[in-house]
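All remarks here apply to the structure that follows.
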Amino acid sequence: MNKTKIALIGCGFFGKQLAYSFNKLNTVLVGFVDLNIDRAHQLAEKYGSQAYENIHALLENTQPDLVIISTFNYAHREPAIAALNHNAHVFIETPFTIDQQECREIVELANAKNKTLFIGHLLRTLPGVIKAKQFLDENKLGKITVARATRQRWIDSSPNKDWWKNNIALTGGKLFNEIHELDLLCWLLGDVDSVYAQSTNRAHPDNLENHDIFQLLLQFKSGIFASLEMGTAYRLHEWSITIHGELGALVINFFNSTMTLTLANGQRQQFNLYDEFEADLSLRESGKAIQRYNELNAIVPLWLSRATEIEAQTILDHLNEGKESVLTQQTMDAVIVADAARESIKQKKQIDVICK
1 MNKTKIALIG CGFFGKQLAY SFNKLNTVLV GFVDLNIDRA HQLAEKYGSQ
51 AYENIHALLE NTQPDLVIIS TFNYAHREPA IAALNHNAHV FIETPFTIDQ
101 QECREIVELA NAKNKTLFIG HLLRTLPGVI KAKQFLDENK LGKITVARAT
151 RQRWIDSSPN KDWWKNNIAL TGGKLFNEIH ELDLLCWLLG DVDSVYAQST
201 NRAHPDNLEN HDIFQLLLQF KSGIFASLEM GTAYRLHEWS ITIHGELGAL
251 VINFFNSTMT LTLANGQRQQ FNLYDEFEAD LSLRESGKAI QRYNELNAIV
301 PLWLSRATEI EAQTILDHLN EGKESVLTQQ TMDAVIVADA ARESIKQKKQ
351 IDVICK
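Okay, so the sequence shown: first residue is 1 according to full-length UniProt numbering, each after it adds one.
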């Protein structure tokens, strides 16, 4: 089997990890681009490849099968459009974009070019989360009544005031930059009908525009009510999704790396989120540790490294063997809901959501 040719646009913290994960598989990294050309050169030297000054030169000279986009959140549209116009499949690190109209434009072009678009919702790919989705599809909980998602922790202000994640113009804010739990609610429960949201900054006075508390109330078209509370102003850490139904409840607990199904008849099943003990242990230890912002050269914890490897494998399985990938499903929904939540915060009212 020929190796899949991959080009990487964006060589920062997560770009480096994606390069590492794809390189372990049946791929060849054919080229790199970054605003900081030295970063691109460093990765090119590491993988025996080449750095390019711009996206056009990269695509013209390498003709990749797959383009990985790991740039600033606001800067996903241009490389995605360029890659699709060069007949490459596209993988975009989350969030898809911070503007739903850009999402629609990219999806429409991907469909027109008959190319696959993957969005990096890596939590979907964890074996325990896949099992939770299976249980819901099998109607194990019966009629779903209510759900609650949390991603609450304390993070001290970054000492680097110029760090890009402090700039909501680049990130879209935490609703977009930390979109995984909102995405899981959409992916597991279906279409959202409306959202009411509020946010503020209580613990980081040095960057008041970058809110550290978000609370969302979601109503789904199915009638399910759900909430999402997230941020970095919480001393007691929580990171989980709980789904209640007439026949039982399901809990995905990222802090202890388990998924638990408890039925009303007393039956209970528990699964680890990973198939490897070491990855589960790494996630549990990470949950107990003091949370810090990622630095470019920080050591990637095993649980995150393993998650990106699983993510890379599901992409290649789709491209090379035609296997279904969860990364191609409901690609826009979380961004559309986040966009509506942002509008709700601005207008201080409930906003209808149109996901189709």
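The beta-carbon is built from N, C-alpha and C at its ideal position, and this holds for glycine as well.
Nearest candidate by alpha-carbon position, reference residue i, set the options
i: Glu311; options: Lys24, Asn2, Gly223, Lys3; result: Lys24
i: Gln113; options: Ile119, Gly120, Glu105; result: What sits at residue 113 in the sequence shown is Lys, not Gln. When only C-alpha atoms are compared, the closest one is Glu105.
i: Phe14; options: Phe255, Leu273, Ala169, Leu43; result: Leu43
i: Thr4; options: Leu35, Ser158, Gln63, Gln17; result: Gln63
i: Glu60; options: Lys46, Phe32, Asn320; result: Phe32
i: Leu327; options: Gln50, Cys11, His76, Ile130; result: Ile130
i: residue 362; options: Ser325, Gly231, His204, Leu170; result: Nothing in the structure corresponds to residue 362, since the chain is present only between 1 and 356.
i: His253; options: Ser49, Gly128, Val107; result: Reading off the sequence, residue 253 comes out as Asn, not His. Checked all of Ser49, Gly128, Val107; the closest Cα to Asn253 is Gly128.
i: Val28; options: Leu316, Val335, Thr331, Glu324; result: Leu316
i: Val195; options: Gly173, Phe225, Thr97; result: Phe225
i: Thr97; options: Asp65, Gln50, Leu175; result: Leu175
i: Val300; options: Thr314, Ala279, Asn320, Leu319; result: Ala279
i: Asp333; options: Leu236, Lys221, Ile354, Phe277; result: Ile354
C-alpha distance - residue i paired with residue j, whole-angstrom precision
i: Leu228; j: Tyr20; result: 32 Å
i: Ala40; j: Ala57; result: 13 Å
i: Arg148; j: Asn2; result: 45 Å
i: Leu126; j: Ile351; result: 32 Å
i: Ile213; j: Asn166; result: 15 Å
i: Glu246; j: Asn139; result: 10 Å
i: Leu35; j: Ile69; result: 13 Å
i: Glu343; j: Asp38; result: 39 Å
i: Ala169; j: Glu78; result: 16 Å
i: Leu18; j: Ala7; result: 11 Å
i: Ile243; j: Leu122; result: 20 Å
i: Ser200; j: Asn207; result: Correcting the residue identity first, residue 200 is Thr in this sequence and not Ser. Computed Cα separation, rounded: 11 Å.
i: Arg284; j: Leu216; result: 26 Å
i: Leu141; j: Leu109; result: 38 Å
DSSP-derived helix/strand/coil call for residue i
i: Gly248; result: strand
i: Trp239; result: strand
i: Trp154; result: strand
i: Leu170; result: helix
i: Arg202; result: coil
i: His89; result: strand
i: Leu218; result: strand
i: Glu229; result: strand
i: Val129; result: helix
i: Ser325; result: coil
i: Asn139; result: coil
i: Ser194; result: strand
is_contact[residue i, chain C] using C-beta, thresh 8 Å
i: Ser222; result: Looking for chain C here will not work: only one protein chain is present.
Inset, instruction - Let me know the beta strand (DSSP E) ranges lying completely inside the stretch 24-76, each 3 residues or longer, listed in chain order. - result: 27-33, 66-69
Inset, instruction - Taking 8 Å as the threshold, find out whether the stretch 85-100 comes into contact with the stretch 114-122 through three or more Cβ pairs. - result: yes
Legend entry - Touching by the beta-carbon criterion (3+ pairs, under 8 Å), the stretch 178-190 and the stretch 154-163: no
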